[in-house]
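Only one structure is covered here, and it is reproduced in the block below.
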Amino acid sequence: MSARKLTRQQQWRIDKVQDERNTRALRKDKRLDSSHQEGLTTEPQQGLVTAHFGRQVEVEAVDGALQGQRQRCHVRANVENLVTGDYVSWRANQNPLEEGVVESRQARRSLLARPDMRGVMKPIAANVDQLLLVIAPEPEPHANLIDRYLVAAEHTGIEPVLLINKWDLMQQGVLTAEQEALINGLLATYRQLGYQVLISSAYQEKVLQQLQQQLKDRISVFVGQSGVGKSSLINYLLPGVDLRVGSLSEDTRKGRHTTTTARLFHFPVGGQLIDSPGIREFSLGYLQPEQIAQGFPEFRPFLGLCRFRDCKHKEDPGCALKEAVAEGKVAATRFASYHHIVQSLSS
Ligand code: GDP
Ligand code: ZN
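Residue 23 in numbering that gives the first Met the number 0 is what sits at position 24 of the sequence shown, and the numbering runs on without skipping anything.
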């Protein structure tokens, strides 16, 4: 068998699988147009995707008579890549046990993505307004990790808010002088850069109430390393919600494994949270060094001013960024953090 023939045959097989998939989806669309039509409401309405299970999504009615109610929905074949947080146009099924139908997706304000095992970016949540980056005196925060999240936030256009949790430890005087100095240093550095920095404690009601105000009227996600207090904060903010509900079986009838889907929750005092283990650990996908540099807002006035266009900002003579560091216009720690990120993403 010639190589060309093999390729053609392979292509034919790929096309066939693709065709079958499309046919199945279209057949389902058709069925919905005829027999299931009765159960479906005639007027499409606005909905919010609150969870995602393979080809199916759970949609919540945003307004109208069904406001707040959720229903599993079939997604029409022409609507691609829905994720939790997406606003859609959908038709509910009057029988709550039947499926509704998602007809189209609305434009997104933002999209949070995460590299999969092969490094391909996969969308995980849409329309997130703020990224609450939680740090604490313990476990010891690494400026480099904070900066990674900030660069990611700059790229997705989602507003980052730094939340210094376990502030009670700062007040109790149980920390070492180094730990206190580190936290105070981070607080000063990031405030000076113009980032919003809030102090928080999962144990102090008053602080938590201020945090609730910050979360109102927005879709938020909590990120940060393990042990900083994300679960403790979320448990307070979402009383009675078992966060393990993030793990749901994708399709039990087919015996598939339990998968973890991002879920959308409403805070009782207003605002929404999208949460999943994958979101909490979301990380930077591959970025070019120039894109990483752009993610450091205080570097921007100096970018493009280096003598060489392809300046690596290392040993290169005439580096405007290095000059800015020497003159104290850019913090040396942030500059080191930049190189650390560039190196880790290129290896
Ligand atoms: P997560 O891994 O980020 O979800 O962190 P957890 O919520 O599981 O918290 C890790 C540990 O820190 C637990 O032992 C919590 O009790 C503790 N913790 C969480 N928030 C605070 C806080 O505000 N102050 C203090 N002192 N401990 C906290
Ligand atoms: Zn340079």
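Glycine included, each C-beta is placed from N, C-alpha and C at the ideal position. As the structure is a prediction and not an experimental result, all values here were calculated from the model.
Is it the case that the Cβ atoms of Leu111 and Thr155 are separated by a distance below 7 Å? Between Leu111 and Thr155, the C-beta gap is smaller than 7 Å, which places the two residues in contact.
Could you pull out every residue in the same chain whose Cβ sits closer than 6 Å to the Cβ of Asn143, ignoring the five residues on either side in sequence? Residues of the same chain with a CB within less than 6 Å of the CB of Asn143, apart from the 5 flanking positions on each side, are Ser336, His339 in chain order.
In whole angstroms, give me the CA-to-CA distance for Phe307 and Ala323. Between Phe307 and Ala323, the C-alpha separation is close to 16 Å.
Are the region 94-109 and the region 122-136 in contact at 8 Å, needing three or more beta carbon pairs? Yes, the region 94-109 touches the region 122-136.
Would you call the region 89-104 and the region 172-188 in contact, with 3 or more CB pairs under 8 Å? No, the region 89-104 does not touch the region 172-188.
Nearest-residue set for ligand 2, Cβ under 5 Å from any heavy atom: For ligand 2, the selected residues are Cys305, Cys310, His312, Cys318, Leu320.
Is any heavy atom of ligand 1 found at a distance shorter than 6 Å from the C-beta of Ser275? False, no ligand heavy atom lies under 6 Å from that Cβ.
Buried or exposed for Tyr285, going by 16 or more other Cβ atoms inside 10 Å? By the 10 Å Cβ count, Tyr285 comes out exposed.
Using the C-alpha atoms, what's the distance from Pro316 back to Leu304? Rounded to the nearest whole angstrom, the C-alpha separation of Leu304 and Pro316 is 12 Å.
For Arg262 and Ser219, I'd like the C-alpha separation in whole angstroms. Taking C-alpha positions only, Arg262 is separated from Ser219 by approximately 12 Å.
Is the beta carbon of Leu207 within less than 6 Å of some heavy atom of ligand 1? No, Cβ of Leu207 sits at least 6 Å from all heavy atoms of ligand 1.
Does ligand 1 have even one heavy atom less than 6 Å from the beta-carbon of Ala201? Ala201: yes, Cβ under 6 Å from ligand 1.
With the cut-off set at 7 Å, would you say Gly63 and Gln44 are in Cβ contact? Cβ atoms of Gly63 and Gln44: closer than 7 Å.
How about Val58 and Asp85: are their beta carbons less than 7 Å apart? No, the pair does not count as a contact, with Cβ atoms beyond the cut-off.
Which ranges would you report for the beta strand (DSSP E) in the region 143-188 if only whole runs of at least 3 residues count? Within the region 143-188, the complete beta strand (DSSP E) runs of at least 3 residues are 158-163.
Going by CA-CA distance only, name the one from Gly172, Gln171, Ser343 that's closest to Leu283. Out of Gly172, Gln171, Ser343, Ser343 has the C-alpha closest to the C-alpha of Leu283.
Quickly, what does DSSP pair Thr83 with across the bridge? List them, please. Looking at the DSSP output, Thr83 bridges to Ala124.
Output the distance between the C-alpha atoms of Lys15 and Glu98, rounded to the nearest integer angstrom. Rounded to whole angstroms, Lys15 to Glu98 spans 28 Å at the Cα level.
Going by beta carbon distance, what residues of the same chain come within less than 7 Å of His256, once the five residues before and after it are set aside? Here His256 scores only 43 on pLDDT, less than 50, and its place in the model is too uncertain to base an answer on.
Under DSSP, the alpha helix (DSSP H) around Leu232 begins and ends at which residues? Per DSSP, Leu232 is one residue of the alpha helix (DSSP H) stretching across 229-236.
Residue range of the beta strand (DSSP E) that Glu59 falls in? 55-60 is the span of the beta strand (DSSP E), which, as asked, contains Glu59.
Beta carbon of Leu132 nearer than 7 Å to that of Ala76: No; because the gap between Cβ atoms is not below 7 Å, this pair is not in contact.
Please work out which residues of its chain come closer than 7 Å, Cβ to Cβ, to Glu177, disregarding the five sequence neighbours upstream and downstream, and give them in chain order. Nothing listed; no residue qualifies.
Bridge partners of Pro114, per DSSP? Answer by DSSP bridge pairing, in chain order: Met120.
Would you say Leu214 and Phe281 are within 7 Å of each other, going by their C-beta atoms? One thing to note: Leu214 has its Cβ no nearer than 7 Å to the Cβ of Phe281.
Within 10 angstroms of the Cβ of Asn164, are there 16 or more other Cβ atoms? Answer buried if so, exposed if not. Answer is buried; the Cβ neighbour count reaches 16.
Where His141 falls: helix, strand or coil (DSSP): Looking at His141 - three-state DSSP - the assignment turns out to be coil, as it is neither helix nor strand.
The beta strand (DSSP E) that contains Ser219, what's its start and end? Residue range 218-222 is occupied by the beta strand (DSSP E) that includes Ser219.
Same chain, Cβ closer than 7 Å to Gly254, five either side skipped, listed in chain order: In this predicted model, Gly254 has a pLDDT of only 40, less than 50, meaning its place in the structure is not dependable; the value taken from the coordinates is given anyway. Within the same chain, Gly254 has no close Cβ partners at all.
Give the straight-line distance between the Cα atoms of Val227 and Arg54, rounded to the nearest whole angstrom. If I take the Cα positions, the gap works out to 35 Å.
Does the distance from the C-beta atom of Val119 to that of Leu81 stay below 7 Å? In this structure, Leu81 does not lie closer than 7 Å to Val119 by Cβ.
Indicate, with yes or no, if ligand 1 has a heavy atom lying under 6 Å from the CB of Gly184. For Gly184, the CB stays at least 6 Å from every heavy atom of ligand 1.
Secondary structure at Gly277, three-state DSSP: helix, strand or coil? Of the three classes helix, strand and coil, the one that applies to Gly277 here is helix, per DSSP.
CB of Tyr202 within 7 Å of CB of Leu161, strictly: No, the pair does not count as a contact, with Cβ atoms beyond the cut-off.
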